[in-house]
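Residue numbers (the numbering used here), protein chains in the order written: chain A, 10 to 340; chain B, 10 to 340.
2 protein chains.
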Amino acid sequence: MTIEKPYLLFLGDAPDQLAAKTATGIADWRPEWCVGQLRLPGCGADTGLKDVDVAEALRLGAKTLVIGVVNSGGFMPDTWTDAICDALAQGLDLASGLHGRLQDFPAINEAAVKHGRNLHDLRHSEQEFTTGKGQKRTGKRLLTVGTDCSCGKKYTALAIEKAMRARGMKADFCATGQTGVLIAERGAAIDAVIADFISGAAEWLSPDNDADHWDLIEGQGSLFHASYAGVSLGLMHGAQPDLLVLCHEPTRTHMRGLPHYPIPDLADCIALNLANARLTNPAVRMLGVSVNTSALSDAAAADYLAEISAKLSLPCLDVMRGGADGLLDHL
Amino acid sequence: MTIEKPYLLFLGDAPDQLAAKTATGIADWRPEWCVGQLRLPGCGADTGLKDVDVAEALRLGAKTLVIGVVNSGGFMPDTWTDAICDALAQGLDLASGLHGRLQDFPAINEAAVKHGRNLHDLRHSEQEFTTGKGQKRTGKRLLTVGTDCSCGKKYTALAIEKAMRARGMKADFCATGQTGVLIAERGAAIDAVIADFISGAAEWLSPDNDADHWDLIEGQGSLFHASYAGVSLGLMHGAQPDLLVLCHEPTRTHMRGLPHYPIPDLADCIALNLANARLTNPAVRMLGVSVNTSALSDAAAADYLAEISAKLSLPCLDVMRGGADGLLDHL
Chain A
10 MTIEKPYLLF LGDAPDQLAA KTATGIADWR PEWCVGQLRL PGCGADTGLK
60 DVDVAEALRL GAKTLVIGVV NSGGFMPDTW TDAICDALAQ GLDLASGLHG
110 RLQDFPAINE AAVKHGRNLH DLRHSEQEFT TGKGQKRTGK RLLTVGTDCS
160 CGKKYTALAI EKAMRARGMK ADFCATGQTG VLIAERGAAI DAVIADFISG
210 AAEWLSPDND ADHWDLIEGQ GSLFHASYAG VSLGLMHGAQ PDLLVLCHEP
260 TRTHMRGLPH YPIPDLADCI ALNLANARLT NPAVRMLGVS VNTSALSDAA
310 AADYLAEISA KLSLPCLDVM RGGADGLLDH L
Chain B
10 MTIEKPYLLF LGDAPDQLAA KTATGIADWR PEWCVGQLRL PGCGADTGLK
60 DVDVAEALRL GAKTLVIGVV NSGGFMPDTW TDAICDALAQ GLDLASGLHG
110 RLQDFPAINE AAVKHGRNLH DLRHSEQEFT TGKGQKRTGK RLLTVGTDCS
160 CGKKYTALAI EKAMRARGMK ADFCATGQTG VLIAERGAAI DAVIADFISG
210 AAEWLSPDND ADHWDLIEGQ GSLFHASYAG VSLGLMHGAQ PDLLVLCHEP
260 TRTHMRGLPH YPIPDLADCI ALNLANARLT NPAVRMLGVS VNTSALSDAA
310 AADYLAEISA KLSLPCLDVM RGGADGLLDH L
């Protein structure tokens, strides 16, 4: 079932920008699909799109309210229910990437049924997965991995897709999370798959392809994140990447959601990722480091990139400042 | 809902002994709960219990038919349906550790409803899990890890529980798979949890405890198994083990179900397990190697254990030949 566009992005009471990463991802990569954002009191996030209410969004042609907030575990706070039911009543469909199914929230299901609206659960694929087989597949694969969650893995894969296509290369972004699925209009939310089938789902996402075709696979979590490392590793083995790109946010002081866990050293992170990835692709190598320098000045960003590039002997860049060509030059 | 004992163990047409590992696990550790085994033509497995039909099992007091076969992905072959429905009709409840829910198989659900029997899905916990938090917990934890699937992780944890209890130590086996849950009558099938919640489920399984209490956590899969490494890693991070015991089957020629993947070198396997486990417990160490020597003669087993013990500088033993005391001596 296709999710009808354009979208009104729902930010709820997201406490900070990272909590609204589904909304900002769509706004950054598919702004032409969005009429604006809907925020509740206390919201600390901003996509940069204009604030509109449901009535105005409808006048602008909106068809679907997209829940653009993620939280640990992907649950739906009660504080959102009234605003969401109101949007359904006024005429919008609803799309969500939360773990819980929309139809399992009685008020929301009732409003959808009463007003004849569609509910889209992005984390619940109709696809039936099996266990991974670990067989080598044709075509080339690049997986973005991270020092942490929410540090640029999706943006990096999308930027590499853009740069490869600009060079006339065959390249497809492979979405593994709800935001990526909304942007690519295909993929699977790998963290919502039954644990036994993680790598099988990743194999399904990136099947045999032309020898010169690149699948640019959106990584999830981090091998250094105590909550999500299992998902990261299962995805890695299903992806069987030829290349890794390590994504990093240099101002983060601890792992996202885990104040007692420090951000790993970049060299340690590269070593552990390669050590694990060699299981399904002994020829895997680290292409470079993609740094989210949005919190740094131009000068500080340039200094930081030069410093870690010298230390790691790898190309290090910010794909949002000038694109991913600096990585492709080292293919 | 309690699963009523005693059991009739259903082996179906399991092609080999390993495929019937749920049945053999129950027969080996809880023989007093079993009245016999039920096998279909072509079955290549044998628990050592006597073959009985449903009528005889009922005369022996059987209350529940336990599906004792696992297959990759945990699906139910059509060839089993008639025998299972017949058992329900004659008076047995049914318990299964397959991924699919019993009530979703129309013929089985219909027979259960018609005859008033209970269906138990061991892989589907009523428990709602959340993401792992990575917080240090009180008490001590030992996790069994493997060079491969089905190589002795459950038996090793159970043997260590037995040896610790014999010494008067506080120790509990923590089941993470359907067979373990049947043996322990508690636990959770970790491979059936939503991927995002693997480590959270493992944290739930092994909560805070007395400082001198050991949770002996049944490992799953292997960090070297392309299909299941994500589950193994998520379980490891939720377990936060103080000690690892590496389990190994020395006559295996390739990874279970993956003929194109060799069994890893023991030293490499120890190194990668420790490298990953240090994330959530920097003090983790490898206690020893538990070798399933059932395919070797006494002399060959002794030679093999002496050889790898010298090479790895670790205690190496077969817990099914003399118990786990040789590990406890190195605590």
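Built from N, CA and C at the ideal position, the CB exists for glycine as well. Owing to the predicted nature of the structure, the values given are computational and were not obtained by experimental measurement.
Query raised in the report: Are the C-beta atoms of A238(B) and some chain A residue less than 8 Å apart?
Result: Numbered from its first residue, the second sequence carries residue 238(B) at position 229. Closer than 8 Å: yes.
Query - alpha helix (DSSP H) segment containing M245(B), residue limits - result: As a first step, residue 245(B) must be located in the second sequence, where it is residue number 236. Where M245(B) is concerned, the enclosing alpha helix (DSSP H) stretches over 238-248.
Requested in this report: Within its chain, find whatever has a CB closer than 6 Å to the CB of L27(B); leave out the 5 residues flanking it on each side and keep chain order.
Outcome: Numbered from 1 along the second sequence, position 18 holds the residue referred to as residue 27(B). Excluding residues within five positions, the ones whose Cβ falls inside 6 Å are S159.
Report task. Just confirm the distance between the C-beta atoms of V154(B) and S241(B), as a whole number of angstroms; I'd bet it's less than 8 Å. Result -> If you number the second sequence from 1, residue 154(B) lands on position 145. If you number the second sequence from 1, residue 241(B) lands on position 232. Right, their Cβ atoms sit about 7 Å apart.
Report task. For the beta strand (DSSP E) holding G21(A), just list the boundary residues, first then last. Result -> Here residue 21(A) refers to the residue found at position 12 of the first sequence. Unbroken beta strand (DSSP E) run through G21(A): 16-21.
Query - Within chain B, partners of S208(A) - CB distance below 7 Å - result: Residue 208(A) sits at position 199 when you count from the first residue of the first sequence. By Cβ distance, chain B contributes A235, S236, G239.
Report task. Just tell me which of D307(A), K145(A), N301(A), P24(A) has its CA closest to the CA of A220(A). Result -> Along the first sequence, one-based indexing puts residue 220(A) at 211. It is K145(A) whose Cα lies nearest to the Cα of A220(A).
Report task. Give, in chain order, every residue of the stretch 190-215 of chain A whose Cβ lies closer than 8 Å to some Cβ of chain B. Result -> I199, D200, A201, V202, I203, A204, D205, F206, I207, S208, G209
Report task. State the beta-bridge partners of H222(B) as determined by DSSP. Result -> Within the second sequence, numbered from 1, the residue matching residue 222(B) stands at position 213. H222(B) is bridged to K179(B).
Query raised in the report: How long is the line joining the alpha carbons of L18(A) and D62(A), rounded to whole angstroms?
Result: Residue mapping note: residue 18(A) aligns to position 9 of the first sequence, counting from 1. Residue mapping note: residue 62(A) aligns to position 53 of the first sequence, counting from 1. Distance between the alpha carbons of L18(A) and D62(A) is about 11 Å.
Query raised in the report: Taking contact to mean at least 3 C-beta pairs separated by less than 8 Å, is the stretch 259-279 of chain A in contact with the stretch 187-201 of chain A?
Result: no
Report task. Using a Cβ-Cβ cut-off of 8 Å, state whether A28(A) counts as contacting chain B. Result -> Position 19 of the first sequence, counted from the first residue, corresponds to residue 28(A). Closer than 8 Å: no.
**Report entry** Chain-ordered neighbours of G141(B) on chain A, where CB pairs are closer than 7 Å
**Finding:** Walking along the second sequence from the start, residue 141(B) turns up at place 132. In chain order: A235, S236.
Query - chain B contact residues for Q187(A), given Cβ-Cβ distances below 7 Å - result: Here residue 187(A) corresponds to residue number 178 of the first sequence, with the count starting at 1. Result: empty, since nearest Cβ-Cβ is about 12 Å, beyond 7 Å.
Report task. Measure the C-alpha to C-alpha separation of A54(B) and G77(B) and round it to an integer number of angstroms. Result -> On the second sequence, residue 54(B) is found 45 positions in, with the first residue counted as 1. On the second sequence, residue 77(B) is found 68 positions in, with the first residue counted as 1. Computed Cα separation, rounded: 10 Å.
Query raised in the report: Are the C-beta atoms of T289(A) and some chain B residue less than 8 Å apart?
Result: In the first sequence, counting from the first residue as 1, residue 289(A) sits at position 280. Chain B, which has a Cβ nearer than 8 Å to the Cβ of T289(A), makes this yes.
**Report entry** Reference D228(A), options D205(A), D91(A), L252(A), closest by Cα
**Finding:** As a working mapping, residue 228(A) is identified with position 219 in the first sequence. A small fix is needed here, since residue 228(A) is Gly in this sequence, not Asp. G228(A) has its Cα closest to that of L252(A), out of D205(A), D91(A), L252(A).
Query raised in the report: Taking any Cβ of chain B, which residues in the stretch 267-290 of chain A have a Cβ under 9 Å from it, in chain order?
Result: L267, H269, Y270, P273, A280, L281, A284, N285, L288, T289
**Report entry** C325(B), DSSP secondary structure in three states
**Finding:** Numbered from 1 along the second sequence, position 316 holds the residue referred to as residue 325(B). If DSSP states are grouped into helix, strand and coil, C325(B) belongs with the strands.
Query - Where the beta strand (DSSP E) containing R48(A) begins and where it ends - result: Position 39 of the first sequence, counted from the first residue, corresponds to residue 48(A). From DSSP, the beta strand (DSSP E) with R48(A) extends over 43-48.
Query - Coil, strand or helix - M85(B) by DSSP - result: Position 76 of the second sequence, counted from the start, is the residue given in the question as residue 85(B). DSSP places M85(B) in coil when its eight states are reduced to three.
Report task. Kindly indicate which three-state DSSP category G186(B) falls into: helix, strand or coil? Result -> Mapped onto the second sequence, residue 186(B) falls at position 177. Three-state DSSP puts G186(B) in coil, outside helix and strand.
**Report entry** G335(A) - containing beta strand (DSSP E), residue span
**Finding:** As a working note, residue 335(A) is residue 326 in the first sequence. G335(A) -> not in any beta strand (DSSP E); alpha helix (DSSP H) instead, spanning 334-337.
Query raised in the report: Nearest to G109(A) by CA position, among L255(A), S208(A), C94(A), H129(A), is which residue?
Result: Taking the first sequence and counting its residues from 1, the one referred to as residue 109(A) is at position 100. Taking only the C-alpha atoms, the option nearest G109(A) is H129(A).
Query raised in the report: In chain A, which residues lie less than 7 Å from Q112(B) when you measure between Cβ atoms?
Result: Translated into the one-based positions of the second sequence, residue 112(B) becomes position 103. By Cβ distance, chain A contributes nothing, its closest Cβ being about 17 Å from Q112(B), past 7 Å.
Report task. State buried or exposed for G57(B), treating a residue as buried only when at least 16 other CB atoms are found within 10 Å of its CB. Result -> In the second sequence, residue 57(B) corresponds to position 48, counting from 1. The residue is exposed, with fewer than 16 neighbouring Cβ atoms inside 10 Å.
Query raised in the report: Counting along the chain, where does the beta strand (DSSP E) carrying L103(A) start and finish?
Result: Residue numbering aside, residue 103(A) sits at position 94 when the first sequence is read from its first letter. First-last of the beta strand (DSSP E) with L103(A): 102-105.
Query - Local conformation of G4(B) per DSSP, three classes - result: Residue coverage of chain B in this structure runs from 10 to 340, which leaves residue 4(B) outside it and unanswerable.
Query raised in the report: Helix, strand or coil for H124(B) per DSSP?
Result: Counting from 1 along the second sequence, the entry for residue 124(B) is found at position 115. Looking at H124(B) - three-state DSSP - the assignment turns out to be helix.
Query - C-alpha gap between A96(A) and E194(A), whole angstroms - result: As a working mapping, residue 96(A) is identified with position 87 in the first sequence. As a working mapping, residue 194(A) is identified with position 185 in the first sequence. The alpha-carbon atoms of A96(A) and E194(A) are separated by roughly 23 Å.
Query raised in the report: Thinking C-beta only, is L244(B) closer than 8 Å to I203(B)?
Result: Position 194 of the second sequence, counted from the start, is the residue given in the question as residue 203(B). Position 235 of the second sequence, counted from the start, is the residue given in the question as residue 244(B). Their beta carbons are not under 8 Å apart, which means I203(B) does not touch L244(B) by this criterion.
**Report entry** Cβ-Cβ distance between S215(B) and I226(B) below 8 Å
**Finding:** Counting from 1 along the second sequence, the entry for residue 215(B) is found at position 206. Counting from 1 along the second sequence, the entry for residue 226(B) is found at position 217. Cβ distance < 8 Å, so S215(B) and I226(B) count as in contact.
**Report entry** Close Cβ partners of L323(B) (< 7 Å) along its chain, the five nearest in sequence each way excluded
**Finding:** Taking the first residue of the second sequence as position 1, residue 323(B) is located at position 314. Only M295, G297, V298 meet the Cβ criterion.
Query - Terminal residues of the beta strand (DSSP E) in which T73(A) lies - result: Start at 1 with the first residue of the first sequence, and residue 73(A) comes out as number 64. Taken as a continuous stretch (DSSP letters only), the beta strand (DSSP E) holding T73(A) covers 73-76.
Query raised in the report: Under the three-state reduction of DSSP, which class applies to K145(A): helix, strand or coil?
Result: The count along the first sequence starts at 1 and reaches residue 145(A) at position 136. It is coil, neither helix nor strand.
Query - Own chain residues within Cβ distance below 6 Å of F182(A), not counting five before or after - result: For the purposes of this step, residue 182(A) is taken as residue 173 along the first sequence, with counting starting at 1. A166, L167, E170, A193, L225.
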